[in-house]
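One structure is given here, and the rest of the page talks about it.
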Amino acid sequence: MIILIVLFGVIILLSLNREQAAPIPPTVESTLEPTIWITQVVTQIVATAPSPTPTQIPTSTQLPTATLEWDPFSAPLYYPVTDCAASRLKKGDMAFVGNLAGEPRISLTDQVFADPGIRNLVMGEYLQITSNPVCEQNTIIWEARAISDDTVGYVKEGDGETYWLFPASPAIPTPRRLRP
């Protein structure tokens, strides 16, 4: 029982001490500034650099085509040798190689089918027709001088179906001979 009395007394003392203890007033003045938080919501994106252009998918590129001011087929056809193919060339004309089918070449003799030739012709190469034509196997054959290297020999113009030489534009002057 004594324990109960002592315990009861301690409880009363503790409760009295709490009621008597007053809160301690703050002695330091509050000098804190309020913090303001600003939030910005972006509703429109403004570009600061040009936008990249999309990469194009590669496509085939059209090669440039030459526009002719001179149509070699506008030169009239005629028959310089009886019973032979037609021609658009004549002695003194400038001609160009427009077809490499059958490997056209400059030959030493007018027997171009039997002669192995001096050299092959090059596409677009200019030739000056230097004599009248001859006919072999229904093919018009001209003596001509290659402008690029001054080679002189015999060249097939055409056989009535396939043509290798075509008249050059009249605007192309006949060059002077390189060799004396």
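In this note's numbering, the protein residues as written are 8 to 187. Cβ coordinates follow ideal geometry from the N, Cα and C atoms, glycine included. Predicted model, so just to flag it, every value in this text is computed and none were measured.
> Taking the continuous beta strand (DSSP E) assigned at L172, which residues delimit it?
Replying inline: Run containing L172: 172-174, per the beta strand (DSSP E) assignment.
> Under a three-way DSSP split, which group does F103 fall into?
Replying inline: Three-state result, F103: strand.
> Looking only at C-alpha atoms, which of F120, L128, F103, E168 sits nearest to Q135?
Replying inline: Measuring from the Cα of Q135, the nearest candidate turns out to be F103.
> Can you tell me whether T55 is buried or exposed, with buried defined as 16 or more other CB within 10 angstroms of its CB?
Replying inline: So T55 ends up on the exposed side.
>> Pull the bridge partners of C142 from the DSSP assignment, please.
In response: In the DSSP assignment, C142 forms a beta bridge with I147.
> To which residues does DSSP link Q135 through a beta bridge?
Replying inline: Its beta-bridge partners are M101, R152.
>> My output table needs one value for A73: the three-state DSSP class, helix, strand or coil.
In response: Reliability fails at A73, whose pLDDT of 49 lies under 50, so the model's placement of it is uncertain and no value is given.
> Under a Cβ-count criterion, where at least 16 other Cβ atoms within 10 Å of its own Cβ denotes burial, should F173 be classed as buried or exposed?
Replying inline: So F173 ends up on the buried side.
>> Residues in the same chain with beta-carbon distance under 6 Å from E150, minus the five sequence neighbours each way, listed in chain order, please.
In response: Taking E150 as the centre and dropping the five residues before and after it, the same chain places the C-beta of T137, S138, Y161 closer than 6 Å to its C-beta, in chain order.
>> Check for me: the beta strand (DSSP E) holding V159 runs from which residue to which?
In response: Bounds of the beta strand (DSSP E) holding V159 are 159-165.
> Can you tell me the Cα-Cα spacing of R112 and E132, whole angstroms?
Replying inline: Put simply, the backbone Cα of R112 is about 11 Å away from that of E132.
>> Could you check whether T146 and G165 sit closer than 8 Å to each other, using their CB atoms as the reference points?
In response: Yes, these two residues count as a Cβ contact at 8 Å.
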